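Worksheet for the structure shown next.
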Amino acid sequence: MLLTTCSYIPLEIPLALGIPARRLLPKNAGHEADSYLPRDFCPYARGVLSQVWAGKVSHALLGVAVAGSCDAMRRVYDVLRHYAPDILSFYLDVPRTQNEDAVSYYAGVLRSFAHDLAAAYPGAPPEREWPERLWRAAHELDILRRALLTAYPTPETVQGDAGSGNKPLGVCASVTEWVELYFALNEALALPGSGPPDWLRAAESVRSSTTSPAAPRAPVVLLMGSFLLDATIPAALEANRLGIAAVDSCLGWRSLKVTLSQAEGDIFLRLAAAYLRKPPCPRLLVRQARRSWLEELLFPEGGKEAEVDGVVYFVPKFCDHGYYESVDVKDWLSEYGLPFLLLESEYGAGLSAQMHTRLAAFRELLEERQGQQGAARAKEGRRT
Amino acid sequence: MKSESGNVRRLKLARLFLANHLTYFLARLALGPLGRRLRSYQKVAVRGILSELHAAFSGEKPVILASAFVPTELIYGLGAIPVLPEVWSGFAAAAGFSAPAVTASEGSGYSQDLCSFHRCSLGLENLELLPKPAAVIVSSHLCDGGRCSLYRHSRSFGCPFYVLDVPYAATPDGVAWLAHQLERVAQDLVLKVPGLSLAGLPKALAAANRARSEYLAVCRLRRNQPAPWAGSEALNYVAVFLSGWGSPWLPEFYAQLRTHLEETIRLGAFPVSDERHRLLWLNLRPYYSSSIFRYLEKECNTSIAFEEYSHLYWPPHRPDAWAESLAAKLLSHFGWGPIERRLETIWNLVQEYGIDGVVQFNQWGCRQSNGGGRFLADFLRERGVPFLELAGDGVDGRSSGTAQQLTRIAAFVELLDARNTPSPARGTKAIPR
Ligand code: SF4
Ligand code: SF4
Chain A
0 MLLTTCSYIP LEIPLALGIP ARRLLPKNAG HEADSYLPRD FCPYARGVLS QVWAGKVSHA
60 LLGVAVAGSC DAMRRVYDVL RHYAPDILSF YLDVPRTQNE DAVSYYAGVL RSFAHDLAAA
120 YPGAPPEREW PERLWRAAHE LDILRRALLT AYPTPETVQG DAGSGNKPLG VCASVTEWVE
180 LYFALNEALA LPGSGPPDWL RAAESVRSST TSPAAPRAPV VLLMGSFLLD ATIPAALEAN
240 RLGIAAVDSC LGWRSLKVTL SQAEGDIFLR LAAAYLRKPP CPRLLVRQAR RSWLEELLFP
300 EGGKEAEVDG VVYFVPKFCD HGYYESVDVK DWLSEYGLPF LLLESEYGAG LSAQMHTRLA
360 AFRELLEERQ GQQGAARAKE GRRT
Chain B
0 MKSESGNVRR LKLARLFLAN HLTYFLARLA LGPLGRRLRS YQKVAVRGIL SELHAAFSGE
60 KPVILASAFV PTELIYGLGA IPVLPEVWSG FAAAAGFSAP AVTASEGSGY SQDLCSFHRC
120 SLGLENLELL PKPAAVIVSS HLCDGGRCSL YRHSRSFGCP FYVLDVPYAA TPDGVAWLAH
180 QLERVAQDLV LKVPGLSLAG LPKALAAANR ARSEYLAVCR LRRNQPAPWA GSEALNYVAV
240 FLSGWGSPWL PEFYAQLRTH LEETIRLGAF PVSDERHRLL WLNLRPYYSS SIFRYLEKEC
300 NTSIAFEEYS HLYWPPHRPD AWAESLAAKL LSHFGWGPIE RRLETIWNLV QEYGIDGVVQ
360 FNQWGCRQSN GGGRFLADFL RERGVPFLEL AGDGVDGRSS GTAQQLTRIA AFVELLDARN
420 TPSPARGTKA IPR
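Here the protein sequences line up with chains A and B, keeping their order.
Residue 0 is where the first sequence starts when you use numbering that gives the first Met the number 0, and the numbers rise one by one after that.
Residue 0 is where the second sequence starts when you use numbering that gives the first Met the number 0, and the numbers rise one by one after that.
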């Protein structure tokens with residue numbers, strides 16, 4: 000099995016080579032990494048190592064593909080190579096820009112990655128079959144991504160049809176449930192020898208029905224950040240009656256909006272373009288593109304009025320990308336007069352009483368603003 | 000309250016100094032009589048830095064802000080003045096402005112868990128102590144905080160932001176891509192910033208090569224036992240090492256430093272004459288006043304014989320192929336790529352400089368350097384070289400932890416004392432360049 004650490008690594012490649020693969024999404028930071036990483040490293044970096052070490056996954060032909068997401072993940076890659084030599088480790092040099100040169104460089108990186116995987120795992124198909132297999136894997140993953148997008152509990156326009164034309168997954172009752180579904184689908188991906196229908200069935204079967212639907216008239220926020228870590232944050236938002244219009248996180252829409260060009264040509268180049276040009280995450284140094292994506296989420300119809308009442312930004316502790324971007328986002332939002340709440344924490348953050356207190360206060364602020372805006376609109380209406 | 004008003008006064012004076020033509024003129028005049036107390040290489044550096052500050056604040060030359068590992072040869076070569084905000088944070092700490100700057104950046108929302116070299120530079124901008132740049136250039140490697148904070152500077156100043164996306168490995172594709180990016184950035188800067196041209200690039204690279212030869216001679220002299228240059232001072236000059244390459248004054252600076260070190264060795268006037276131990280210092284130092292160096296040098300008779308950030312890691316430039324040369328420089332940094340590169344570099348330095356122990360200053364929030372701690376500990380232990388991780392903060396004196404640092408240093412020196420046999424590195428090895 001191959002585990003990947005970043006949404007910029009195309010799962011199409013291992014899947015096309017017949018290697019079960021999924022994104023490594025730990026449920027906690029664990030303690031197994033403590034003696035290898037300094038204490039000011041983010042919980043995800045720690046969680047990746049802990050998950051591998053805690054014996055939660057079998058080490059037989061286990062591979063971990065690490066992207067150079069940040070200074071922390073570069074060290075995670077080094078730790079794996081040094082201290083877990085029984086694990087196959089791969090490094091993907093993901094560019095931080097999106098132009099043609101970066102895409103063509105990344106295509107080369109992906110091609111080498113495919114060759115390295117084929118050399119490390121027995122039974123890889125011959126290279127001449129790769130384009131066809133990659134294309135098929137891309138199509139299958141596309142079905143899943145669209146299925147997940149259509150299962151999101153807030154109306155979301157997905158271009159084109161979702162495979163069969165029917166919604167392959169039922170719409171979730173809450174965003175918390177949707178995030179759980181996301182995890183389940185990710186887990187299902189690594190089931191050996193299966194395809195989209197089995198994946199979807201497996202995901203549906205573990206779907207939790209314990210969460211209650213978000214209150215329809217609650218203030219609505221955009222939940223964003225570098226990496227959401229787990230479902231406790233959306234759960235805390237929803238428990239505090241905050242609707243979540245969209246999830247802009249690595250564990251969310253950013254990973255799902257991957258569009259592979261149908262044009263002829265080198266499949267690695269197309270994969271590189273599709274992944275590098277998906278909605279950017281804070282680690283990419285393309286802040287204008289990032290801002291445009293944020294605007295797309297805030298003003299989905301291109302209108303003047305934001306479709307959300309505020310933004311909740313979650314940063315895993317010690318994530319430099321998140322810390323810095325949160326200040327930029329706060330400033331951008333002030334241009335639109337939108338309230339902003341920064342949450343910075345660890346796995347399980349949404350369970351803390353302090354987090355609930357802060358969210359309740361934020362909801363009150365948003366409700367107060369809604370009230371004031373409603374009154375102002377009514378007054379305006381009377382005048383006209 | 001009193002110190003707050005002292006801060007305000009100091010800030011006003013600093014702004015006045017930086018922005019006023021007359022002060023530069025007077026400062027240069029003062030260099031004559033006052034300069035007698037300065038050593039020759041120090042005078043060259045002061046003169047060089049003053050003339051650049053003047054050119055920067057008077058608008059005589061455009062300023063380009065750059066992150067710490069961008070080759071400054073590019074900026075000098077284009078005809079601009081490089082300003083490295085991280086280096087300025089070090090200056091601010093030394094001059095006593097870092098506290099208000101760090102507080103100002105925290106007031107804007109920057110977390111205390113970020114490296115203070117960046118938090119401070121963002122605060123310096125708020126306090127109007129940074130010159131207005133015409134552009135910002137960052138490299139994508141090594142320090143996440145650097146590129147993010149410099150993006151912020153570019154936004155605040157409303158100037159173009161350029162990214163040098165540095166590949167992980169120096170493969171032929173990677174080198175070609177990076178060289179192409181350097182060309183594109185340079186060409187675009189020439190179009191956008193009046194007064195810049197590509198014509199000076201070969202000259203800047205040639206100047207850097209001259210400085211390089213002098214610097215390698217300095218390094219050879221620093222292998223002398225006892226150490227001829229106090230590491231505490233050498234760590235201050237890391238600022239020059241990071242930001243001076245390509246400047247017209249750097250070759251002269253290193254030539255004068257070389258003469259000074261030769262003299263020191265000839266006269267036997269060593270900073271730590273009764274040298275008991277020789278340390279290699281990794282990462283930066285506290286730039287505000289700190290007693291740890293005096294303690295090491297005066298009370299423990301221990302020299303910092305060399306510093307990781309003084310290590311010259313790139314091959315000589317080819318002035319006629321400036322883009323490829325600068326790409327090679329970016330890609331040769333020992334902290335980039337797999338950790339083995341850093342380990343190997345440190346091991347070479349240990350051998351070259353006859354090192355007895357290695358100290359890594361764990362700058363709070365510096366993930367690129369601190370992340371190497373476990374590897375270094377194991378690697379050096381296997382080779383019988385004691386290693387100390389010293390937690391601290393180079394800029395934010397509020398979190399200095401000096402007392403704890405002194406205790407840890409004392410214990411480390413005791414450990415070195417207890418080892419009766421000299422370190423395996425005490426035999427010296429040629430500098431293989
Ligand atoms: S959350 Fe931030 S620090 Fe952690 S791995 Fe992701 S980008 Fe790196
Ligand atoms: S100390 Fe580390 S994090 Fe801070 S500026 Fe230097 S390289 Fe960057």
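All residues carry an ideal CB built from backbone N, CA and C; glycine is no exception.
Nothing here was measured: the structure is a model prediction, and the numbers come from that model.
Under the DSSP assignment, S344 (chain A) falls in the beta strand (DSSP E) whose first and last residues are F339 to S344. At a threshold of 7 Å, Y346 (chain A) does not count as near ligand 1, since its beta carbon sits no closer than that to any of the ligand's heavy atoms. Chain order gives no chain A residues near S398 (chain B), where near means a beta carbon separation below 7 Å; the closest approach is about 12 Å.
Using a 10 angstroms sphere on the CB of E324 (chain A), the tally of other CB atoms reaches 16 or more, which defines it as buried.
Assigned with DSSP and collapsed to three states, F298 (chain A) falls in coil, not helix or strand. Taking the CA atoms as reference points, L268 (chain A) sits about 24 Å from R73 (chain A). The Cβ neighbour count for T406 (chain B), taken over all protein chains shown within 10 Å, is under 16; the residue is labelled exposed. DSSP, reduced to helix, strand and coil, places G349 (chain A) within a helical segment of the structure shown. In the displayed model, G400 (chain B) falls within coil according to three-state DSSP, outside both helix and strand. In this chain, the beta strand (DSSP E) harbouring L221 (chain A) covers V219 to G224.
For the segment 20-43 of chain A, the set of positions with a beta-carbon nearer than 8 Å to some beta-carbon of chain B reads S34, Y35, L36, P37, D39 and F40 in chain order. Taking 8 Å as the cut-off, the beta carbon of P195 (chain A) is found no closer than this to the beta carbon of A172 (chain A). In the displayed model, D377 (chain B) falls within a helix according to three-state DSSP. DSSP lists no bridge partner for F112 (chain A). Contact annotation: in the segment 325-343 of chain A, residues whose CB is within less than 9 Å of a CB in chain B are S325, V326, D327, K329, D330, L341 and E343.
A Cβ closer than 6 Å to some heavy atom of ligand 1 marks a residue here, and those residues are A:C41, A:Y43, A:A44, A:S68, A:C69, A:A71, A:M72, A:S225, A:F226, A:R282, A:P315, A:C318, A:H320 and A:G321. In terms of side-chain proximity, the C-beta atom of N27 (chain A) is found no nearer than 7 Å to any non-hydrogen atom of ligand 2. When 7 Å is used as the limit between beta carbons, F374 (chain B) is near these residues of chain A: D77 and H81, in chain order.
Contacts between T3 (chain A) and chain B, judged by CB atoms closer than 7 Å, are missing: the closest CB pair is about 17 Å apart. Set against 7 Å, the gap from the CB of H117 (chain B) to the closest heavy atom of ligand 2 is smaller.
Taking 8 Å as the cut-off, the Cβ atoms of E11 (chain A) and A137 (chain A) count as close. Proximity to L1 (chain A) across A:R38, A:D33 and A:I86 peaks at A:I86, based on C-alpha coordinates. Between G364 (chain B) and D39 (chain A), the C-beta spacing is below 8 Å. DSSP places H30 (chain A) outside both helix and strand once states are collapsed to three, so it counts as coil.
Sequence-distant partners of A44 (chain A) (beyond 5 residues in either direction) whose C-beta falls short of 7 Å from its own C-beta, in its chain, are L36, A71, M72 and V75. Contact of Q403 (chain B) with chain A by beta-carbon distance below 8 Å is absent, the smallest such distance being about 15 Å. Shortest Cα-Cα distance from V82 (chain B) to any of B:F96, B:L113 and B:E124 involves B:E124.
Around the beta carbon of P121 (chain A), a 10 Å sphere encloses fewer than 16 other beta carbons of the protein chains shown; the residue is thus reported as exposed. Collapsing the DSSP output to three states places D164 (chain B) in coil. Any Cβ of chain A closer than 8 Å to the Cβ of Y312 (chain B) would place that residue at the interface, and such an atom is absent. Under a 10 Å Cβ-count criterion, Q97 (chain A) is classified as buried, with 16 or more other Cβ atoms of the shown protein chains found around its own Cβ. Uninterrupted alpha helix (DSSP H) stretches at least 4 residues long and entirely within the segment 236-322 of chain A occur at 252-255, 266-275 and 286-297, given in chain order.
Counting along the chain, the unbroken alpha helix (DSSP H) around F156 (chain B) starts and ends at D143 to F156. In this structure, the C-beta of A67 (chain B) approaches ligand 2 to less than 7 Å from one of its heavy atoms. As for any beta strand (DSSP E) of minimum length 3 sitting wholly inside the segment 320-379 of chain B, the runs are 356-362, ordered along the chain. For T301 (chain B), the pairing in a beta bridge is given by DSSP as B:H276.
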